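*Asks:* Provided herewith is a single structure, encoded as structure tokens, for subsequent inquiry.
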Amino acid sequence: MFRSIEYIPDKKCVKIIDQTKLPHETIFVELTTYKEIAEAIYTMKVRGAPLIGVTAAYGIALASIEFLDEKIEIFTEKLEQAKTEIDKTRPTAVNLFWATQKMMKKFYALKKTDKTVDEISNFLVEKANKMAEKDVSINFMLGKNGASLISNGDCVLTHCNAGSLATVLYGTALSAITYAFREEKKKINVISDETRPRLQGATLTAFELQYQKIPVKVISDNSSGLLMRLGKIQKIFVGADRITSDGVFNKIGTYMVALAANANNVPFYVVAPSSSLSLSETSVNVKIEERDPFEVSNVLGKTRIVPEGVDCLNFAFDFTPFDLVTKIITEHGIFTSKELIEFYSKKN
Ligand code: MRU
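Count along the sequence shown from 1, then add 1; that gives the number in my numbering.
Next comes the structure, spelled out in structure tokens:
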């Protein structure tokens, strides 16, 4: 498995894998400024909701290092500015805002004490490191909980990339699949939707599963309905970018998979950490990211396949209402949507 992000104390930098180069090249990039962090999230060198969150947390930590020489009030302004810029990078994955808010909350708590800017910065780096480690342990639990729903011999379909590369380690939906395969020794076949237009299923999910020797076949996004109808898929496992009180935001195409699953009685499971929950809002409040139409008109930013002069639409996420979701798996257990709302309203 791939650890997607790491803080290097000696260099005071954050090391990531440039995911836009996978699967053909594994290139590590070192980021030293919050602007580089923002750029890496915006251009999807790092992507996937939990990884976006942890990377954003490191963005605030790096900003605190960059502005060490400032007096506390200017330092505060600079951190707020870094937060604003990082928050603007991608609007849908709630983990981004969850992470930057958590970091700023920590900052304001530290500011109230008599700590120096230098000490505050050290604490912020430590906080981001802890968030990264927490992501790893939570994803492990997601895998353990989710794997209990996978039977020996299942063929599981997944959409986009909800693997190690979408988190710090292990992944969300893929964590369940890899746990069932590696720890429980279940025989599993995986079908990965290619996931137009950014092709995370073809480039990243297939890459991760091949690396772990888990049998995987990639299909065009149009094929999953047919395969479900033919009885070739037993379960669907996907991740989430934000779970509201009425359903799940995830990569564009997830809704169509859920509709086909529902029509063919295939269980549809969503695996997500509690940092992806935003249960106090409904889907109407959520901004669905619209990316450059160029990603649709030109395959992988290269060959143009659409006639010159014809526009494209490029929504990056869609919404699946809870009535199409069989169960939601978090680090705390397995829930129906009603149970999820009850559990987390008591917990918070
Ligand atoms: O646009 P991306 O690649 O960031 O989208 C990723 C997804 O939609 C994942 O399915 C989602 O983040 C949940 S998996 C960790």
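Beta carbons: idealized from backbone N, C-alpha and C, even for Gly.
Note that the coordinates shown come from a computational prediction; the quantities given were computed from them, not determined experimentally.
Considering only the alpha carbon of each residue, which of A181, A203, A207 and D155 lies closest to L143?
*Replies:* Minimum Cα distance to L143 is reached at A181.
*Asks:* Can you give me the C-alpha to C-alpha distance between A259 and T173, rounded to a whole angstrom?
*Replies:* In a straight line, the C-alpha of A259 is about 18 Å away from that of T173.
*Asks:* Which term fits G154, buried or exposed, when burial requires 16 or more other beta carbons within 10 angstroms of its beta carbon?
*Replies:* G154 should be labelled exposed.
*Asks:* Can you tell me whether E332 is helix, strand or coil according to DSSP?
*Replies:* In this structure, E332 counts as coil in the three-state DSSP scheme.
*Asks:* Quick one: complete beta strand (DSSP E) runs, 3+ long, within the segment 36-99?
*Replies:* Counting only runs of 3 or more, we get nothing.
*Asks:* List the endpoints of the continuous alpha helix (DSSP H) containing Y256.
*Replies:* Y256 -> alpha helix (DSSP H) spans T255 to A264.
*Asks:* Would you say the beta carbon of N251 is closer than 7 Å to some non-hydrogen atom of ligand 1?
*Replies:* It does: the Cβ of N251 is within 7 Å (strictly closer) of some heavy atom of ligand 1.
*Asks:* Would you identify the three-state DSSP class for R292, choosing helix, strand or coil?
*Replies:* Of the three classes helix, strand and coil, the one that applies to R292 here is coil, per DSSP.
*Asks:* CA-CA distance, N190 and E67?
*Replies:* Cα to Cα, N190 sits roughly 47 Å from E67.
*Asks:* From the DSSP output, which residues share a beta bridge with V249?
*Replies:* Answer is I244 and T321, bridged to V249.
*Asks:* Okay, do the segment 278-291 and the segment 57-66 touch, 3+ Cβ pairs below 8 Å being the bar?
*Replies:* With a cut-off of 8 Å, the segment 57-66 and the segment 278-291 do not count as touching, because too few Cβ pairs lie within range.
*Asks:* Answer yes or no: does any C-beta atom of chain B fall closer than 8 Å to that of L325?
*Replies:* Here there is only one protein chain, and chain B is not present.
*Asks:* Who are I9's beta bridge partners in DSSP?
*Replies:* Partner(s): C14.
*Asks:* Taking contact to mean at least 3 C-beta pairs separated by less than 8 Å, is the segment 162-173 in contact with the segment 36-52?
*Replies:* With a cut-off of 8 Å, the segment 36-52 and the segment 162-173 count as touching, because enough Cβ pairs lie within range.
*Asks:* Using DSSP bridges, identify the partner residues of E31.
*Replies:* Paired residues: K16.
*Asks:* Give the single residue among V137, Y43, K188 and F238 whose Cα lies nearest to the Cα of P216.
*Replies:* Closest option to P216, Cα to Cα, is K188.
*Asks:* To the nearest angstrom, report how far apart T21 and K46 are at their CA atoms.
*Replies:* C-alpha separation (whole angstroms): 5 Å.
*Asks:* What residues in its chain sit with their C-beta under 7 Å from that of C358, if we drop five residues either side in the sequence?
*Replies:* Here the chain has residues from 2 to 349 only, and residue 358 is not among them.
*Asks:* Assuming A261 and S225 form a contact by the criterion Cβ under 8 Å, report the distance between their Cβ atoms to the nearest whole angstrom.
*Replies:* Confirmed, about 6 Å.
*Asks:* Return the first residue and the last residue of the beta strand (DSSP E) that N190 is part of.
*Replies:* Looking at the DSSP string, the run of the beta strand (DSSP E) that includes N190 is N190 to D194.
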